[in-house]
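J.: Before anything else, here's the structure in question.
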Amino acid sequence: MTVGARSKRDGKDYDSDKRYHPRLPDEDEPVKASRNAEQEQTIEYWRNQAKATVEKHLMRKENTNIAKNVILFLGDGMSLSTVALARIHAGGEETPLFFEEFPYVGMAKTYCVDYQVPDSACTATAYLTGVKTNMDTIGVNAHVQVADCEAGLNRSTHTSSIGQWAIDAGKDAGLVTTTRVTHASPAGMYAHTAFRDWEDDSYVKEDGCDPEKVDDIAEQLVYGETAPKLRVILGGGRRGFLDKKLHQDYETGKGGQRTDGRHLINEWLRNGPFGENRTFVWNRSDLLAVDPHRTDRLLGMFEPGHCAYNLDRIEKQLDEEPTLSEMVDKATDILSTNPNGFFLFVEGGRIDHAHHDNRAKYALDETVEFAKAIELARKKFSEEDTLIVVTSDHSHSVSFAGYSSRGKDVFGTAGTGKDGLPYMTISYANGPGYKKHVDSKAGVRLDVREMDRSKSNFAFPAMLPKDSETHGGEDVAVYASGPWSHLFTGSYEQNVIPHMMAYATCIGRGLKACDRVRTVSKMYRTAGIVLIVAAVLGAVCGAPTDDYDNDKVQHPRLPDDYDSDKRYHPRLPDENKPNLPKSRNAEQEQTIEYWRNQAKATVEKLTAKKENTNVAKNVIMFLGDGMSISTVAMARVYAGGEEKPLAFEEFPFVGMSKTYCVDYQVADSACTATAYLTGVKGNYETVGVNAHVPLLDCNAALNRSTHTSSIGQWAMDAGKDAGLVTTTRVTHASPSGVYAHVANRYWEDDYWVREDGCDPDKVDDIAEQLVYGETASKLRVILGGGRREFMDRTIHEDYETGKGGFRMDGRHLINEWIRNGPAGENRTFVWKRSDLLAVDPHRTDRLLGMFEPSHCVYNLDRVHKNLDEEPTLSEMVDKATDILSTNPNGFFLFVEGGRIDHGHHDNQARYAIDETVEFAKAIDLARKKFSEEDTLIVVTSDHSHSVSFSGYPSRGQDIFSAAGTGKDGIPYMTISYANGLGFYKHVDKVKGTRANVRDMDDAGADDFAFPAMLPVELETHGGEDVAVYASGPWAHLFTGSYEQNVIPHMMAYASCIGKGLKACPQN
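Residues in the sequence shown are numbered consecutively from 1, following UniProt numbering.
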């Protein structure tokens, strides 16, 4: 490539990308201590903690008992951000919620047949009946279009639920929810309807259908095929069972919502056979008084609408509102009377409602209550015979962003925007909170410090106005404990979940565990209890409003909740356009058979999965910098479609890792690199040192006792080779975690050491450590960018651009690296693709390749600007592994897709998502190149980002396009950010309103900046957990939820290196 080719690049990257992690004044304040502050500063603390985790994972044994009981807990709208925020709210960054300690973790894809981002109706059909369908429809296949009066009457379109499967097998079944019992999620247990809102006959009429032909959901609860046989039904929703004129509610005295004169609660009581004891309760006292042994069927509805939020129950002293735990306890008491077992669905449904209203305090508290109910159930039933599965139906657009210090209130502020105003840790991509946080006349943000944020119903900020905040489209986590819980790790379609539960408990018409274990006694072959507690955290049967009727002191509620919460899923004109499924399997996806066959194939694959306990000869760690779960989902859609997994998503084992630093809730790439490469957590922006080293301390890191050695060093100490490949500078935070020890990640050359007031004669910069450090000088392969850090700014000229470097000491460290080897060692330096491809692995002892003065270019720029001398990530990985494979003892290789992070920081989502796809290609190459028998591959991220995948775009729609219309009549995009410079592009400075993306000529450009809620110099990271995908020897260790610093210890165990636990026979 000629020097002239450089004109095709943006020069700003050459001069200043320190801006990717700016230190704002308010983010530089002294941090609060964690609960283990002193211990966390030591290397020993983290290594002992990692050892304990590895031992715990090693003790984990596959439980292949037949599950007598199955409980499915469903946290409605419980995104990974919600889980992480709730964890901090409940006990601190390091204290897991109860279900996070379940041994197996998986990821489920949530899209509907017709929409990329789902609702709770199509997802309920998936996770309860095993079939995916259209948005807003329940218990029917995708041949049924929403609100079609006739289609849903065809019984051939009906999908039966796992509750029915359990009943058919002689078990009992029930449901518990904090929403109305006729709401979308619980209705998935028993209803078949073309529209989720047809909860009573008035809505059926309203949509032009005949209630004499179309049974509403409440009527199906009384007379349908499944619901009359449910032993327990607990939640809210009395209004759907009472006539609005003829009947009065038990508690409020108001009428119901029906218009047919029927009192369906009384009809339910009479509908049982003679002698059956049917009990209806509507308050907590009566619920607690129910005798499980004298109750054949129990119906409890504790509110006309949804159950109250838990915080309202406490603050307003709603003593007759049962908690979710109390409902679960009573339900399981009754279901346990069946010796064959049961299936229970438990929904914490009001997590979802709170997010829709941007009321994060409600949402997080509901999540904590949800976790308490799970803990009660897990402690009540043995892991030997009861499978418990915890998941969510979909995500939300909530972000956990900024750089808050450890121990800080998650409901507080996290930093200051470029407009001089503070921003909050929690925000939303859209919703009613916009109105509270924006001066609509001036078009500027309001100062949250001047708001009363003490109330539980405080509305958190949103980027654009909508009556109801939208769902998110990324995958949701699945946590499992009990018989066959090991099936639930991996990444799969949401509709596979009920088939795996059915397999474990030997019910339904699909594959069954008892078919594999013919030697088991008849008792075990027939006993299977499916207890699915779908807990969509919410509250305790109450209203989603602020102002309750004054005359109802005991049970105040908001008028709007009583009459219409259809607003939670409003259908805007642009979100209701007639769209046929655009997937590659459009016609097949409309059938029940397609999804059941697909689920069967997945279950067969999961049951065939074996634990590989070979010693790993080679270990390759792939790190997608900033690769959040949202990023993965959007990259999947971009690359091949919602249903097409990226290569690493097909790895058999999945886990989740917590990413916080010792001093900050939201991490950077330096402290995380120290964690996932050296096994020790450190402070924000420090690399390869423990937390005794404060940021920017010139002397602290000189103490070698603070240094943390990396898994690369452990590999070389064991006689293996090691190397690194990155698309960033080789001295950047992530790759430097392999070899450097420094108190500031930005000390990449001597100039920056001086800038921060330190003496470069005492403090070795990172580039110098790459040449002379203990670890880097022995690495076989180093490939990436960053030549500028190795050359003087006035004496030397870059090989390609002719410009000087960044150094001020007159040194040319590339030449020093070439000379630093022993006599006879063949050291090769390359700076362009053609030279890289020409390298002979068998004649090269050490290879250093730097293909740019700074970071490697984005793949889209390489393609569209014809930068032919830029190697791809796959090409670098291919050459690196060729060289490393010459060592018969094996190797460790660290590979970073680093520019995913940079794309997000600039709100340039096209770059970020395309880089993710390129990252997946490199993983695919490596997995196909090396056998799973002897090569462990681990894929993860260092931290998340504030990017949202939200709105309701239809299947097949361009991920980079608009997803809907805001309340201001202006379209909004599927992709947005909580903060960043994209803010300015999407604000009309004259009108003070949002700008219309449809008027932007460059909306299709590679470097187009997507919208951000508020202006910061660089978009911030996110604080939620990141996924870990593993394939090869000991890959099964990587499922579960754990601290990020455990990752290198598990890799070391598998490969028999380091000073910790090892898989070798002698250990």
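Ideal Cβ placement from N, Cα and C applies to all residues, glycine included. Values in this document were obtained by computation on a predicted structure and should not be read as measured data.
Using beta-carbon positions only, say whether R155 and P103 come within less than 7 Å of one another.
T.: What you label residue 155 is simply residue 155 of the sequence shown in a count that begins at 1. What you label residue 103 is simply residue 103 of the sequence shown in a count that begins at 1. Contact flag unset, no.
J.: Measure the alpha-carbon distance for G1058 versus H1049 and round it to whole angstroms.
T.: Residue 1058 sits at position 1058 when you count from the first residue of the sequence shown. Residue 1049 sits at position 1049 when you count from the first residue of the sequence shown. So the two alpha carbons sit approximately 8 Å from each other.
J.: Mind checking which residues open and close the alpha helix (DSSP H) that includes S202?
T.: Reading the sequence shown from its first residue, position 202 is the one you call residue 202. Unbroken alpha helix (DSSP H) run through S202: 201-206.
J.: Suppose you measure from the CA of V687 to the CA of A616; what does that come to, to the nearest Å?
T.: Reading the sequence shown from its first residue, position 687 is the one you call residue 687. Reading the sequence shown from its first residue, position 616 is the one you call residue 616. V687 and A616: Cα-Cα distance of roughly 27 Å.
J.: Taking its Cβ as the centre, do 16 or more other Cβ atoms sit within 10 Å of H394, making it buried, or is it exposed?
T.: Within the sequence shown, the letter at position 394 stands for residue 394. Counting Cβ neighbours within 10 Å, H394 comes out buried, since at least 16 surround it.
J.: Closer than 6 Å by C-beta to L770: which residues in its own chain qualify, once you throw out the five before and the five after it? Chain order, please.
T.: For this step, residue 770 is matched to residue 770 along the sequence shown. Excluding positions up to five away in sequence, the list reads A776.
J.: Just to confirm my understanding: we take D419, look at its own chain, exclude 5 residues before and 5 after, and list those with CB closer than 8 Å. What are they?
T.: Along the sequence shown, read from residue 1 onward, the residue named residue 419 stands at position 419. The answer, listed in chain order, is V444, R445, L1014, P1015.
J.: Assuming contact is defined by CB atoms lying nearer than 7 Å, are I66 and A667 in contact in what I supplied?
T.: Walking along the sequence shown from the start, residue 66 turns up at place 66. Walking along the sequence shown from the start, residue 667 turns up at place 667. No, the pair does not count as a contact, with Cβ atoms beyond the cut-off.
J.: Just how far apart, CA to CA, sit S392 and L74?
T.: Locating residue 392 in the sequence shown gives position 392, counting from the first residue. Locating residue 74 in the sequence shown gives position 74, counting from the first residue. Taking the straight line from one Cα to the other gives about 5 Å.
J.: In the DSSP output, what is Y503 paired with across the bridge?
T.: For the purposes of this step, residue 503 is taken as residue 503 along the sequence shown, with counting starting at 1. Note: Y503 sits in no beta bridge, so no partner.
J.: Alpha carbon to alpha carbon, what distance is there between G956 and E825?
T.: To locate residue 825, count along the sequence shown from 1; it is residue 825. To locate residue 956, count along the sequence shown from 1; it is residue 956. Spanning the two alpha carbons is a distance of roughly 54 Å.
J.: Residues in its own chain within less than 6 Å of Q713 by CB, not counting five upstream and five downstream?
T.: For the purposes of this step, residue 713 is taken as the residue at position 713 of the sequence shown. Excluding sequence neighbours, Q713 sits near T775.
J.: If you follow the beta strand (DSSP E) that residue 1076 is in, where does it begin and where does it stop?
T.: Coverage of the chain is limited to positions 1 through 1067, which leaves residue 1076 absent and any answer about it impossible.
J.: Would you give the residue range spanned by the alpha helix (DSSP H) that Y638 belongs to?
T.: For the purposes of this step, residue 638 is taken as residue 638 along the sequence shown, with counting starting at 1. Segment 629-639, the alpha helix (DSSP H) holding Y638.
J.: Quick check: the Cα distance between S734 and E896, rounded to an integer number of angstroms?
T.: For the purposes of this step, residue 734 is taken as the residue at position 734 of the sequence shown. For the purposes of this step, residue 896 is taken as the residue at position 896 of the sequence shown. Computed Cα separation, rounded: 7 Å.
J.: Between the Cα of A194 and those of K68, A142, S161, S404, spot the shortest distance and give me the residue it belongs to.
T.: As a first step, residue 194 is located in the sequence shown; it is residue number 194 there, counting from the start. That would be A142, whose Cα lies nearest to the Cα of A194.
J.: Starting from F983 and walking both ways along the alpha helix (DSSP H), at which residues does that stretch end?
T.: On the sequence shown, residue 983 is found 983 positions in, with the first residue counted as 1. Element bounds for F983: 982-985.
J.: What is the DSSP secondary structure of K109, reduced to helix, strand or coil?
T.: Here residue 109 is taken as the residue at index 109 of the sequence shown, counted from 1. In the structure shown, K109 sits in a strand (DSSP, three-state: E or B).
J.: Compute the Euclidean distance between the alpha carbons of V530 and G508, then round it to the nearest angstrom.
T.: To locate residue 530, count along the sequence shown from 1; it is residue 530. To locate residue 508, count along the sequence shown from 1; it is residue 508. Residue placement at V530 cannot be trusted, given a pLDDT of 41 that sits under 50; what the coordinates show is reported in the next sentence. Going from the Cα of V530 to the Cα of G508 covers about 11 Å.
J.: With DSSP collapsed to three states, give me the class of residue 1068.
T.: Here the chain comprises residues numbered 1 to 1067, so residue 1068 is not present and cannot be evaluated.
J.: Determine the direct distance from the alpha carbon of M791 to that of A1030, and round the result to whole angstroms.
T.: Within the sequence shown, numbered from 1, the residue matching residue 1030 stands at position 1030. Within the sequence shown, numbered from 1, the residue matching residue 791 stands at position 791. So the alpha carbons of these two residues sit roughly 39 Å apart.
J.: Suppose only complete runs of 4+ residues qualify. What are the alpha helix (DSSP H) ranges in the stretch 776-861, listed by chain order?
T.: 813-819, 833-838
J.: Can you list, in chain order, the residues of its chain with a C-beta nearer than 8 Å to that of R793? Leave out the 5 residues immediately preceding and following it.
T.: As a first step, residue 793 must be located in the sequence shown, where it is residue number 793. Taken in chain order, the residues that qualify are Y751, G804, G805, F806, R807, M808.
J.: Mark L288 as exposed unless 16 or more other C-beta atoms lie within 10 angstroms of its C-beta, in which case mark it buried.
T.: Numbered from its first residue, the sequence shown carries residue 288 at position 288. By the neighbour-count rule (16 or more Cβ atoms within 10 Å), L288 is not buried but exposed.
J.: Please go through the same chain and pick out, in chain order, the residues whose beta-carbon is closer than 6 Å to the beta-carbon of P483, but skip the five residues on each side of it.
T.: Here the question's residue 483 lines up with position 483 in the sequence shown. Within the same chain, P483 has close Cβ partners N63, N65, A67, L387, A504.
J.: Go to Y911, then tell me how far its alpha helix (DSSP H) extends in each direction, as first and last residue.
T.: Stepping through the sequence shown from its first residue, residue 911 is reached at position 911. Looking at the DSSP string, the run of the alpha helix (DSSP H) that includes Y911 is 909-929.
J.: Between G490 and V654, is the Cβ-Cβ spacing less than 7 Å?
T.: For the purposes of this step, residue 490 is taken as residue 490 along the sequence shown, with counting starting at 1. For the purposes of this step, residue 654 is taken as residue 654 along the sequence shown, with counting starting at 1. Contact: yes.
J.: Tell me, please, which residues DSSP counts as bridged to L128.
T.: Numbered from 1 along the sequence shown, position 128 holds the residue referred to as residue 128. In the DSSP secondary-structure assignment, L128 is not bridged to any residue.
J.: Just to confirm the assignment, what range does the alpha helix (DSSP H) spanning F102 have?
T.: Stepping through the sequence shown from its first residue, residue 102 is reached at position 102. That residue, F102, is in no alpha helix (DSSP H); it is neither H nor E in DSSP.
J.: Report the option in E93, L646, S481, T413 whose CA atom is closest to the CA atom of Y492.
T.: Stepping through the sequence shown from its first residue, residue 492 is reached at position 492. The shortest C-alpha separation from Y492 is found at L646.
J.: Buried or exposed for K361, going by 16 or more other Cβ atoms inside 10 Å?
T.: Here residue 361 refers to the residue found at position 361 when the sequence shown is read from its first residue. Result: buried.
J.: In terms of residue numbering, what span does the alpha helix (DSSP H) encompassing P1048 cover?
T.: Here the question's residue 1048 lines up with position 1048 in the sequence shown. Going by DSSP, P1048 is part of the alpha helix (DSSP H) stretching over 1047-1055.
J.: Quick one: using the 10 Å Cβ neighbour count with 16 as the cut-off for buried, is V990 buried or exposed?
T.: Position 990 of the sequence shown, counted from the start, is the residue given in the question as residue 990. Taking all protein chains in view, the Cβ of V990 is surrounded by fewer than 16 other Cβ atoms within 10 Å, so the residue is classified as exposed.
J.: Can you give, in chain order, each stretch of the beta strand (DSSP E) that sits fully within the stretch 159-226 and has at least 3 residues?
T.: With a minimum length of 3 residues, the continuous beta strand (DSSP E) runs that stay inside the stretch 159-226 are 172-180.
J.: Per DSSP, what kind of secondary structure is K658 in: helix, strand or coil?
T.: Indexing the sequence shown from 1 puts residue 658 at position 658. Strand, per DSSP.
J.: Can you give me the C-alpha to C-alpha distance between A84 and G1023, rounded to a whole angstrom?
T.: Taking the first residue of the sequence shown as position 1, residue 84 is located at position 84. Taking the first residue of the sequence shown as position 1, residue 1023 is located at position 1023. Straight across, the Cα-Cα distance linking A84 with G1023 is about 7 Å.
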